[in-house]
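Note that the protein sequences, when read in sequence, are chains A and B. 146 is the number that this note's numbering gives to position 146 of the first sequence; each next residue is one higher, with no gaps. To convert, count from 1 in the second sequence and add 1000; that's this note's numbering.
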Amino acid sequence: MDLRELNLKKTAEDMQKAITRDIFIIQTIHTIDLLIIEINKLVSNLRERYGYYNPKVSRIQDHAELLSEIKKFRKGDLGIDYTMEDKGSVADLMREIDNVNSLKTVQEKYLEDLMRQECPKLLFSAGALIGARLVDLAGGLKNLAQMPSSRIQILGAEKSLFKHLKTRSKPPRFGVIFNHESVSKADNKGKAARHLSGKISIDVKQDYFGEK
Amino acid sequence: MNIEKTKFIGIFEGWQDKKRVFFTKSIDGKNFFNEFCIDDYIEFNPKRSKLSAAIIKKISLVPIKENMKILYLGAAHGYTASHISNMIKNGMMFCLDFAPRVVRDLYFICEERKNMAPILGDANDPDAYKSRVEQVDLIYQDIAQKNQVEILFKNLQFLKNNGHVLLAVKSRSIDVTKRPAEIFNAVEKQLSQKLKVIDKKELDPFEKDHCFFVCQKR
């Protein structure tokens, strides 16, 4: 067998071996991020389209509340008349938003199941979304397990970290772990971020290197 | 557009809207990346390939010839690799990359080209793929790593005497805090321990903070 064929065969085998299940976590969190952007865009579009019919309702900030109010189709003060076709078109858009919303819920549930199998301790300490974002930024569960906790603390704050290295501005205190309750609601956020990243670091090491 | 030969073997040029465009001639008529093409001549885009950017910046030597054996470290999706494959014709090129995802794309190109062989491996660890490569005439290295030159030195065992090295250095991956010119000088000094540096060119504006080196083994 000549060298080219040997390499082709060996590479095909290596490629299949090299792929682990944590790539599904990364891909699912990408899907969820896309769906969140999609929902925000569609809802703001719907808000504009409904705004002429009932201006007061379109000022509601909360998405769920807004959607449930729009479903009632009650004409408000300052509103103009919509024909049946106008209302139908808006209702179609609203149905689509519901569909995307339910798709997002299904994906989130799948992500949680996946993480319960692959990294149960990370799921417990960081939660599904933040844990998955950390895995994504690190480029895999193995890379995340080999990271020091101080690096986990600032994952997702690369822009401000490099700004610090170049211009000696203040270093970042937290990256994506800021979205965790224990950090965003704490009084001393830097300390809470340090604490949480330490916990995550220990847990993900147990997940990857420990017995399953 | 008139396509003419350049002083480098296997690379052709033409002028379009007062812009110089480079081409290589596809050996089997295939155009893997849907580039602009005229008959079998396929555009060699300087924004996608550091070799093409170096040629546009008037590098003095591109030591790629027909029937050469090449070791390509950091082949990625295989854009530059597919063009080098056009130039070497009946030679052989070993394309190495580290990430399984990009090797998947590379694999399908290698399947169709008789002169390319893929390897999934880490350039840091030549012993792992030692048995799968031959002695080569040229090493092309395009990996953005901090210890890039060390990795090159480890792989010099595969290079024949008087063989050439083409090296693309990304200063940002070595140290973000220093000025690129400082880093390029340090790299040149380090390279000249084992190699003779023939030419170097910075690749602005096609690639930011990159430098392209042509070296020869002593």
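Idealized CB from N, CA, C, for every residue including glycine. None of these values were measured; they are calculated from a predicted model.
- Contact annotation: in the segment 11-31 of chain A, residues whose CB is within less than 8 angstroms of a CB in chain B are T11, A12, D14, M15, A18 and I19.
- Not one beta carbon of chain A lies nearer than 8 angstroms to the beta carbon of P1205(B).
- Counting along the chain, no beta strand (DSSP E) covers N99(A); the unbroken alpha helix (DSSP H) around it starts and ends at M84 to E118.
- Contact check for S182(A) against S149(A) fails: the beta carbons are separated by 8 angstroms or more.
- Between the beta-carbon of K1217(B) and that of L1195(B) there is about 6 angstroms, and that keeps the pair under the 8 angstroms contact cut.
- Of all residues in the segment 1157-1179 of chain B, the ones placed with a Cβ closer than 8 angstroms to any Cβ belonging to chain A are V1176 and T1177, in chain order.
- Interface flag for V1103(B) against chain A is set, since a Cβ pair is found closer than 8 angstroms.
- Using a 10 angstroms sphere on the CB of F1044(B), the tally of other CB atoms reaches 16 or more, which defines it as buried.
- Taking 8 angstroms as the threshold, the shortest C-beta distance from L6(A) to chain B falls below it.
- The beta carbon of V1062(B) is closer than 6 angstroms to those of F1008 in its chain, skipping five residues each way along the sequence.
- Its Cα nearest to that of L134(A), the residue G156(A) stands out among R168(A), G156(A) and R116(A).
- Within the same chain, L66 and E69 come within 7 angstroms of I60(A) by CB-CB distance, once the 5 residues on both sides are set aside.
- E1066(B) is positioned such that its CB atom lies closer than 8 angstroms to that of K1089(B).
- Annotation: the continuous beta strand (DSSP E) that includes E1202(B) extends over L1195 to E1202.
- Contact check for D33(A) against L141(A) fails: the beta carbons are separated by 8 angstroms or more.
- Exposed is the label assigned to Q1157(B), since fewer than 16 other Cβ atoms lie within 10 Å of its Cβ.
- For I1070(B), no CB of chain A lies under 8 angstroms from its own CB, so it is not counted at the interface with that chain.
- Within the segment 14-89 of chain A, no beta strand (DSSP E) run of at least 3 residues lies entirely inside it.
- Per DSSP, the unbroken beta strand (DSSP E) holding H1210(B) starts and ends at H1210 to K1217.
- Between the segment 1123-1140 of chain B and the segment 1081-1097 of chain B, the count of Cβ pairs shorter than 8 angstroms is three or higher; the stretches touch.
- If you look at N1086(B), you'll find it in the alpha helix (DSSP H) that goes Y1079 to I1088.
- F1022(B) sits buried, since 16 or more C-beta atoms from the chains shown fall within 10 Å of its C-beta.
- Listed along chain B are V1176 and T1177, each with a C-beta nearer than 8 angstroms to that of L165(A).
- Counting along the chain, N1162(B) sits inside no alpha helix (DSSP H); it lies in the beta strand (DSSP E) bounded by residues L1159 to K1170.
- Between L46(A) and M94(A), the CB-CB gap stays under 8 angstroms.
- Put simply, of A132(A), K205(A) and K199(A) the residue whose alpha carbon is nearest the alpha carbon of T31(A) is A132(A).
- DSSP places L1071(B) within a strand segment (E or B) once states are collapsed to three.
- Interface flag for P1126(B) against chain A is unset, since no Cβ pair is found closer than 8 angstroms.
- At least one CB atom of chain A sits nearer than 8 angstroms to the CB of E1111(B).
- With distances taken between CA atoms, E1111(B) lies nearest to S1085(B) out of S1085(B), D1125(B) and G1121(B).
- Close partners of L196(A) in chain B (Cβ separation under 8 angstroms) are lacking, with about 27 angstroms as the shortest Cβ gap.
- A residue is called buried when at least 16 other Cβ atoms come within 10 angstroms of its Cβ; D77(A) does not meet this threshold and is exposed.
- For the segment 1177-1198 of chain B, the beta-carbon criterion of a distance under 9 angstroms to any beta-carbon of chain A is satisfied by T1177.
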